[in-house]
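Colleague: Per the numbering used here: the sequence shown = residues 2 to 211.
Ideal Cβ placement from N, Cα and C applies to all residues, glycine included.
Here's a structure for you.
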Amino acid sequence: MNNTVAIVDDHTLFAQSLKNLVNSFDNFQVYGIYKNGQELLTQFKTNQPKPDLVLLDIRMPIMNGPETMAWFKEHHPGQKVLALTMEDDEETVTFMVKLGCRGYLLKDIDPDEFKFALDEVINEGFFYTDAVSEAIKNSNRENKLTNLTKREIEFLGLACTEMTYKEVASEMNLSPKTIDGYRESLFQKLNVRSRTGLVLFAIKHRILLL
2 MNNTVAIVDD
12 HTLFAQSLKN
22 LVNSFDNFQV
32 YGIYKNGQEL
42 LTQFKTNQPK
52 PDLVLLDIRM
62 PIMNGPETMA
72 WFKEHHPGQK
82 VLALTMEDDE
92 ETVTFMVKLG
102 CRGYLLKDID
112 PDEFKFALDE
122 VINEGFFYTD
132 AVSEAIKNSN
142 RENKLTNLTK
152 REIEFLGLAC
162 TEMTYKEVAS
172 EMNLSPKTID
182 GYRESLFQKL
192 NVRSRTGLVL
202 FAIKHRILLL
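Have a look at this one:
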């Protein structure tokens, strides 16, 4: 029986080409193509069988890669996800892996190595290149990033907009007091003292992808 693969990427031409490549492998079949994390999570919330593997881009509208991984970490921590992106900076690599990505690939990867990576994630549970392993080893941000919950990441994203905290509370269906708690918790976890500090942290550590 073929392993099913969900493709999450907002570039239609690339996604269709990737679908053709994956379907050409004798033990893999594309489960579906989704333009962002929200489209995939809508499918996950149904009673339909889940894909064996998710190929996840980083930069996408509505719900990007890190936001999608935060949701998986909270709701489906066992889901196998392999990042496939053009983002090669160490901060993004480390953050995605800490959120539970089983591997991290760049889109210029050789097709044979790509096939090997898929097999490794399915059979062994992970596939990390030497570059990814080195990025994890060199990371000094583990405590700050891995302690963020999905709701904290959601709050952080909204705090980086022009919304007032009262409007953020309404958007998240929470009380202003609870939002104050999120803010103070992030101030402490991220070692910042203002909303501007939250925005700068989000940009620097690729939680907010401009």
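Leaving out the 5 sequence neighbours to the left and right, which residues in its chain are closer than 8 Å to Pro-177 when beta-carbon positions are compared?
Modeller: Tyr-166, Lys-167 and Ala-170
Colleague: Determine whether the beta carbon atoms of Glu-68 and Gly-101 lie at a separation below 8 Å.
Modeller: no
Colleague: In angstroms with no decimal places, state the Cα-to-Cα distance between Trp-72 and Ile-59.
Modeller: 14 Å
Colleague: Can you list, in chain order, the residues of its chain with a C-beta nearer than 8 Å to that of His-77? Leave out the 5 residues immediately preceding and following it.
Modeller: Phe-45 and Lys-51
Colleague: Would Leu-191 pass as a contact of Cys-161 if the rule is Cβ separation under 8 Å?
Modeller: no
Colleague: Which residue spans inside the region 59-147 form an unbroken alpha helix (DSSP H) run of at least 4?
Modeller: 66-76, 91-99, 112-125, 131-139 and 143-147
Colleague: Phe-117: buried (16+ other C-beta within 10 angstroms of its C-beta) or exposed?
Modeller: exposed
Colleague: Between the beta-carbon of Asp-89 and the beta-carbon of Leu-107, is there less than 8 Å?
Modeller: yes
Colleague: Starting from Gln-30, trace the beta strand (DSSP E) in both directions and tell me its first and last residue.
Modeller: 29-35
Colleague: Could you give the DSSP three-state label for Leu-14: helix, strand or coil?
Modeller: helix
Colleague: Could you give the first and the last residue of the continuous alpha helix (DSSP H) run that contains Thr-179?
Modeller: 177-191
Colleague: For Val-9, which residues does DSSP report across the bridge?
Modeller: Looking at the DSSP output, Val-9 sits in a beta bridge with Tyr-35 and Leu-57.
Colleague: Among Ile-204, Glu-185 and Glu-40, which residue has its Cα nearest to the Cα of Ile-63?
Modeller: Put simply, of Ile-204, Glu-185 and Glu-40 the residue whose alpha carbon is nearest the alpha carbon of Ile-63 is Glu-40.
Colleague: What would DSSP say about Asn-4, mapped onto helix, strand or coil?
Modeller: Residue state, collapsed to three classes: strand.
Colleague: Along the chain, where does the alpha helix (DSSP H) containing Gln-171 start, and where does it finish?
Modeller: Note that residue 171 is Ser in the sequence shown here, rather than Gln. Ser-171 -> alpha helix (DSSP H) spans 166-172.
Colleague: From Glu-121 to Asp-181, what distance separates their C-alpha atoms?
Modeller: 44 Å
Colleague: Are Leu-187 and Glu-153 touching if we call contact CB-CB under 8 Å?
Modeller: yes
Colleague: Quick check on Thr-197: buried or exposed, where buried means 16 or more other Cβ atoms within 10 Å of its Cβ?
Modeller: exposed
Colleague: For a quick check, are the C-beta atoms of Val-98 and Leu-56 less than 8 Å apart?
Modeller: no
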